[in-house]
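In order, the protein sequence lines correspond to chains A and B. Residues in the first sequence are numbered consecutively from 1, following our numbering. Residues in the second sequence are numbered consecutively from 1, following our numbering. Where a beta carbon is used, it is the ideal one built from N, C-alpha and C, also for glycine. Since this is a predicted model, take the numbers as computed values, not measurements. Please read the structure below before turning to the comments.
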Amino acid sequence: MDESKRNQRYEDYVASVTPKTGTWRSLWHSFWIGGLTCVIAQGIGDIYYALFPNLGKDLIVSFTSMTIITLAILFTGLGFFDVIARKGGAGSFLPITGFANAMASASMEFKTEGLIMGTSVKMFTVVGPVVVNGIVWSAVAAIINLLITGGL
Amino acid sequence: MNPVLENIITYLIVFAVGGVICAIAQLLIIKTKLTPARILVIFLLVGVFLEGIGVYKPLNDLFQAGISVPIIGFGASLTRGAIEYGKQIGLLGTLGGGLIRNALGIGTAVIASYLVTLIFSPKSK
Numbered sequence: 001m002d003e004s005k006r007n008q009r010y011e012d013y014v015a016s017v018t019p020k021t022g023t024w025r026s027l028w029h030s031f032w033i034g035g036l037t038c039v040i041a042q043g044i045g046d047i048y049y050a051l052f053p054n055l056g057k058d059l060i061v062s063f064t065s066m067t068i069i070t071l072a073i074l075f076t077g078l079g080f081f082d083v084i085a086r087k088g089g090a091g092s093f094l095p096i097t098g099f100a101n102a103m104a105s106a107s108m109e110f111k112t113e114g115l116i117m118g119t120s121v122k123m124f125t126v127v128g129p130v131v132v133n134g135i136v137w138s139a140v141a142a143i144i145n146l147l148i149t150g151g152l
Numbered sequence: 001m002n003p004v005l006e007n008i009i010t011y012l013i014v015f016a017v018g019g020v021i022c023a024i025a026q027l028l029i030i031k032t033k034l035t036p037a038r039i040l041v042i043f044l045l046v047g048v049f050l051e052g053i054g055v056y057k058p059l060n061d062l063f064q065a066g067i068s069v070p071i072i073g074f075g076a077s078l079t080r081g082a083i084e085y086g087k088q089i090g091l092l093g094t095l096g097g098g099l100i101r102n103a104l105g106i107g108t109a110v111i112a113s114y115l116v117t118l119i120f121s122p123k124s125k
C-alpha cells in the first residue's frame with residue numbers, strides 16, 4: 001500500500017478516536033467562566049455607582065477595571081488563578097483579568113533572573129502584542145475616523 | 001419596568017454576551033490552532049474596529065460589562081481615547097489619547113504585578 005493512503009487511513013483513525021465531547025466541555029467552561037467574570041465586574045461597577053453616584057461613568061469604569069485587575073493579579077500571586085485558567089481557556093484569558101494574569105505570571109516567573117533583567121523585561125512577553133497593536137491600530141482607527149467625520 | 005427585574009435581565013445579558021464572546025474565542029483556538037496571543041490581538045482589533053466605525057457605544061450600552069470586560073473593551077477604549085484627544089488637540093492627540101484614557105488601568109496592572117512579584121514566589125510547575 002502506498003504511503004499517502006496509509007497516512008490518510010491513520011488520520012481518519014485518529015479523528016475517529018479523538019473525543020468530540022472535549023470540544024463541547026471546553027466551550028462550556030469558557031462560556032460560564034467568561035460570563036461570570038463579566039458579571040462580577042458588572043456587580044463591582046454597580047456597587048461603586050451606588051456608593052459614589054457623583055463620580056461620573058468614566059471614572060466608575062476606570063475604578064472597576066482597576067479593581068478586577070488588582071484582584072486578578074492578587075489571585076495570580078496566591079496561585080488561585082492557575083486553577084481558573086486551567087479550566088477556563090478563553091473564558092479566563094480573554095477578559096481583562098486574563099490580561100492582568102498574563103502580566104503578573106510572566107513577571108513572577110522570571111523573578112529568579114532578577115527584578116530588572118527578569119521581571120521588568122519579561123512582564124510584557126505575553127501582553128506586549130496586545131499593548132503594541134492596541135496603541136498602533138487605535139491611533140490609525142482614530143485618524144481615519146476623524147478624517148471621515150471631519151474632527152481633525 | 002420593575003427595577004429588580006430590569007437588573008436581573010441586565011445581569012443575564014452580561015453573563016450571556018460575555019460568555020458567548022469567550023466561547024467564540026475558545027472555538028477559534030480549537031478549530032484554527034491560533035495561539036492565545038493571536039486570539040487576544042484579533043479580539044482587541046475587533047474592539048478597535050467597532051469603536052472606529054462608531055458601533056461600539058450602542059453595543060456597550062446594551063451589553064455593558066459583557067462586551068467591555070473581554071479584551072474587545074480595551075481595544076474600543078483605546079480608540080475612544082485616541083478619537084477624543086485627537087478632537088481636542090489635533091492629529092498628535094491620536095498618538096497618546098488611548099494611553100491617557102487607559103492609564104489608570106495600565107498603571108495599576110504594572111504596579112500590582114511588580115508588587116505581587118516582590119511579595120510572592122512563583123509556584124513550582
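- In the three-state scheme derived from DSSP, where H, G and I count as helix and E and B as strand, B/P58 is classed as helix.
- Chain-order list of chain B residues neighbouring A/K111: T117, S121 and P122, by C-beta distance under 8 Å.
- Rounded to the nearest angstrom, the Cβ distance from A/M66 to B/P122 is 24 Å, too far for a contact under 8 Å.
- Think of a sphere of 9 Å around the beta carbon of A/V83: no beta carbon from chain B falls inside it, the nearest being about 11 Å out.
- For A/I47, no chain B residue has a Cβ inside 7 Å of its Cβ, as the nearest lies near 12 Å away.
- In this structure B/V17 is buried. Its beta-carbon is surrounded by 16 or more other beta-carbon atoms within 10 angstroms.
- Of the residues A/S16, A/P95 and A/A85, the one whose Cα lies closest to the Cα of A/S105 is A/A85.
- Going by beta carbons, A/C38 and B/G97 fall outside the 7 Å limit.
- Counting only residues of its own chain and dropping the five nearest sequence neighbours on each side, B/G86 has a CB closer than 7 Å to the CB of G93, T94 and G97.
- No Cβ of chain B is located within less than 7 Å of the beta carbon of A/L71.
- Assignment of A/P95 by DSSP, reduced to helix, strand and coil, places it in the strand class.
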